[in-house]
Structure formats: C-alpha cells, structure tokens
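Numbering (our numbering), first residue to last: 671 to 804. Ideal placement from N, C-alpha and C gives every residue a C-beta, glycine not left out. Note that the coordinates shown come from a computational prediction; the quantities given were computed from them, not determined experimentally. Structure record follows, encoded as structure tokens.
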C-alpha cells in the first residue's frame, strides 16, 4: 500500500505518538563493536557513522553524546514523495521554540526533540492537526 501524499490528510491524521525513553545521537567509526539490534537508525557520513540509540545503550558502549531527545512518531503512513509535511510541522514547532531532528522511515516520519520539549511538542503537533488548515 502506497503512503499518503495529500498534505491536508497527512496533517489532520498524523497522530503523533511519544515513545518511551531517552534517545541520543552519537558518532562512531567502529560500528563493528555495536550490535545492530541496539541501533534505531544510522547514517554514514564521511567523518563517521551517526547512530541514534537509547541513552542507556550509548552509555553501555561508552559513546559520547551531547543531545538527549524524546522520540515522536507520526502514525500516518506518509509517502516519501509527500510534499510539505516536514515544512509544516517543523515550522509549527519552531514557532514554539522547539528544535527538531527528522528522520523519514518507509512508513512514518520520526521527530526527535530535546527531552525537555517532548510533552510540549506533542501538544503543538496535536493542535496543528486539529486546527489544520487555518
């Protein structure tokens, strides 16, 4: 089943869900020392591999991190071809002084916000969904 592309449908039905736990972004050049099952996602860069994982697992591997995040999943199956979804919700979060780091999976968009902003971000996203379009 293909993902949704209609922007109004995406925003009105995005259903943000806050995942339990603390998440961190780390970088390493030694992926062979980290169990694949412990990694939520990874991205290879020239300087090293960026990985997102639970804070406790990063501590277990003695990986340094600076940013502790809450993880929000938008429960609608968004198409990778959808236009405007990221721009709309990231702009709305920015209006409320919430930074966000977005990772698009095949089925869902995932938003990582500062741990202190997790609950606030859920409220902002739910309000956006309820009031869209303005």
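Span separating the alpha-carbon of residue i from that of residue j
i, j, result
"residue 687", "residue 674", "18 Å"
"residue 800", "residue 679", "11 Å"
"residue 756", "residue 702", "33 Å"
"residue 685", "residue 737", "25 Å"
"residue 725", "residue 788", "15 Å"
"residue 745", "residue 697", "28 Å"
"residue 707", "residue 804", "42 Å"
"residue 783", "residue 720", "17 Å"
"residue 777", "residue 798", "21 Å"
"residue 690", "residue 749", "25 Å"
Limits of the unbroken beta strand (DSSP E) element including residue i
i, result
"residue 783", "779–784"
"residue 714", "711–715"
Opening and closing residue of the alpha helix (DSSP H) in which residue i lies
i, result
"residue 623", "Because the chain spans 671 through 804 in this model, residue 623 falls outside it and cannot be assessed."
Environment of residue i [buried if 16+ CB atoms lie within 10 Å]
i, result
"residue 761", "exposed"
"residue 700", "exposed"
"residue 713", "exposed"
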